[in-house]
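Under my numbering, think of the first position of the sequence shown as 300, with each following residue one higher. We put the CB at the ideal spot given by N, CA and C, even for glycine. First the structure, in the form of structure tokens, and then the observations on it.
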Amino acid sequence: MPNIYVLHVGESKADYLTQAENEYIKRLQPFCTYTTIAIKEERLPENEENAALIERSLKNEAERIRQKLPKKCFKIALCIEGKRLASEGFSSLINDKLQACSEIAFIIGSSHGLDEAFKKECDFLLSMSGMTFPHRLMRPILAEQVYRAFTIISGKKYHK
């Protein structure tokens, strides 16, 4: 069974987001093992605008991500400058990568994003939309899209 990892910086304090994510994780059980891994978020002063401080915090978060990443996985960073895919294209990406490697790791950064050097280490940059979303909202959105991808791959009725 394939392994899907979601490494996310920070914890969601909103129960409704966790409940939504858990619903899709439950639905994914026949298709894959879906594991979420929380990465400690750097604490910055409220409304911090110091670019050097933000860059240093992103580097620290990236190092924590590297320590938790599975060794031989296909790494997909979620970032605004990534490639946008329709649901069918996303399902093809997942299917193609799982043919070559049984593990995919999605990485969701903090509200400041991901370290630039870390993004270059990733195998694919994915943008979920041209719009900006709170990073904590991405976890249930990603879980739903991964579920949708597996239903497309397996020919199950869900995607319309």
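C-alpha distance - residue i paired with residue j, whole-angstrom precision
i	j	result
Q366	A416	15 Å
A361	S453	34 Å
V305	K312	17 Å
F423	R355	23 Å
Y457	S386	12 Å
E310	A337	7 Å
I393	L368	18 Å
N302	K370	13 Å
C378	Q444	16 Å
C372	M437	21 Å
I364	I407	10 Å
Local Cβ density within 10 Å of residue i, reported as buried at 16 or more and exposed below that
i	result
K455	exposed
Q328	exposed
T431	exposed
E402	buried
K388	Just to set this straight, residue 388 is Gly in the shown sequence, not Lys. The residue is exposed, with fewer than 16 neighbouring Cβ atoms inside 10 Å.
G412	buried
Q318	exposed
Contact under 7 Å by Cβ, residue i with residue j
i	j	result
P439	E340	no
R435	L316	yes
A266	I324	This structure does not reach residue 266, given that the chain is present from 300 up to 459, and the question cannot be answered.
V308	S409	yes
D414	K374	no
C421	A351	no
M300	T332	yes
S390	I451	yes
Three-state secondary structure assigned by DSSP to residue i
i	result
K370	coil
H307	strand
L413	coil
S453	helix
A313	coil
Continuous beta strand (DSSP E) assignments of at least 3 residues falling wholly in the segment 342-407: Within the segment 342-407, the complete beta strand (DSSP E) runs of at least 3 residues are 373-383, 402-407.
Whole beta strand (DSSP E) elements within the segment 316-342, 3-residue minimum: Qualifying beta strand (DSSP E) stretches, in chain order: 332-338.
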